[in-house]
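Shown next, in the form of structure tokens:
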């Protein structure tokens, strides 16, 4: 892709999210959301092969459908209430329509079916943007809606956690596994959204750090399937050492960073007397933990098929450093060692 065009697209992508965060009215928020959507479509279709084109087309159709629903509900709400304010919506029908439109844009269950297919069709770099940066503006808009029906968020949150764990069990493609992981993590955020916006924001922050570290690691290893992970130890021995810990952090095991949001969310649900919800979420998290353990096993304890009667030699490469490579060490450090700093992080968010 032309470097100047790439700069324009990435700038539009960043501006779309940044301007959406500063929006207080639905019309401006809708325009800025679509600016980000239009900016990422050329990046998704850039490899010029059928899976990428198919993924870009599916993403466009889903986002356009959600945008149409959101605009329709916002216009009708403005017609009834004489304002476009995001934080002062009181009509239950249009509030629910806007909530469902944002959840469709985020890719939560039961409107999740587009997410694994889109992530599978694009490159790892674009998948990283779709899984992290593109979630911020939609989730922040969801945080600003005050009158969301609690049963709606509870059902969608629990369904997303279950499907995020169940859907990734039989996958062999790493990008699809990360897509289901994204659905499961977003389910945790939506589940706690009605009780504590600070915890939901904290969970989003930790999720973005862990997912960024995972995508960058897979990019460095040039791995897109589980079988390709079995050769990591010959090419990237250092990554072989830290990647299982990173994956277990995604699974939420202590004392890694990924344990913090799940721990606090379960604690908050228990204190609010939602013990059945906390129990279902905790048990469903074991499903996703299984495929994280499966990936860890493939990296550390598996050897790729080899017909030669000799051992594989080390193939340690020293590629030229890139901005993505430079982001890997801090992302890994935050993924593994953020748990002791959790009280300070929550204080800053609150």
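Numbering (mature numbering (1 follows the signal peptide of the UniProt record, and there is no 0)), first residue to last: -18 to -1, 1 to 332.
Just so you know, even glycine gets a beta-carbon here, dropped at the ideal spot from N, CA and C.
Check: Inter-residue spacing [alpha-carbon to alpha-carbon] between residue 169 and residue 124; Outcome: 13 Å
Check: Burial state of residue 239, where buried means 16 or more other Cβ atoms lie within 10 Å; Outcome: buried
Check: Range covered by the alpha helix (DSSP H) that runs through residue 78; Outcome: 74 to 88
Check: Spatial distance of residue 8 from residue 56 (CA atoms); Outcome: 6 Å
Check: Buried or exposed (CB count within 10 angstroms, at least 16 for buried), residue 360; Outcome: Lying before the first or after the last residue shown, residue 360 is absent from the chain, which here runs from -18 to 332.
Check: Where the alpha helix (DSSP H) through residue -18 begins and ends; Outcome: Residue -18 -> no alpha helix (DSSP H), and no H or E assigned at all.
Check: When 88, 5, 37 and 178 are compared against residue 138, the one with the closest alpha-carbon; Outcome: 88
Check: Residue 12 burial status per 10 Å Cβ neighbour count (16 or more: buried); Outcome: buried
Check: N- and C-terminal bounds of the alpha helix (DSSP H) containing residue 249; Outcome: 241 to 253
Check: Residue-level contact to chain C via CB, residue 132, 8 Å cutoff; Outcome: No chain C is part of this structure, which consists of one protein chain only.
Check: Check whether residue 282 and residue 222 have beta carbons under 8 Å apart; Outcome: yes
Check: Exposure of residue -18, with buried meaning 16 or more beta-carbon neighbours within 10 Å; Outcome: exposed
Check: Cβ separation of residue 43 and residue 80, assumed to be a contact under 8 Å, to the nearest whole Å; Outcome: That pair is no contact at about 19 Å.
Check: CB of residue 73 within 8 Å of CB of residue 82, strictly; Outcome: no
Check: Delimiting residues of the alpha helix (DSSP H) encompassing residue 35; Outcome: 32 to 63
Check: Residue 7, DSSP secondary structure in three states; Outcome: strand
Check: Exposure of residue 253, with buried meaning 16 or more beta-carbon neighbours within 10 Å; Outcome: exposed
Check: With 16 other Cβ atoms within 10 Å as the buried cut-off, status of residue 340; Outcome: Not covered by the structure: residue 340. The range shown for the chain is -18 to 332.
Check: Outcome for residue 165 when other beta-carbon atoms lying within 10 angstroms are tallied against a minimum of 16; Outcome: buried
Check: Cβ neighbour criterion (16 or more within 10 Å) applied to residue 64; Outcome: exposed
Check: Own chain residues within Cβ distance below 7 Å of residue -5, not counting five before or after; Outcome: none
Check: Touching by the beta-carbon criterion (3+ pairs, under 8 Å), the stretch 232 to 249 and the stretch 179 to 199; Outcome: yes
Check: Neighbour-count burial assignment, residue 249, 16 or more Cβ in a 10 Å radius; Outcome: exposed
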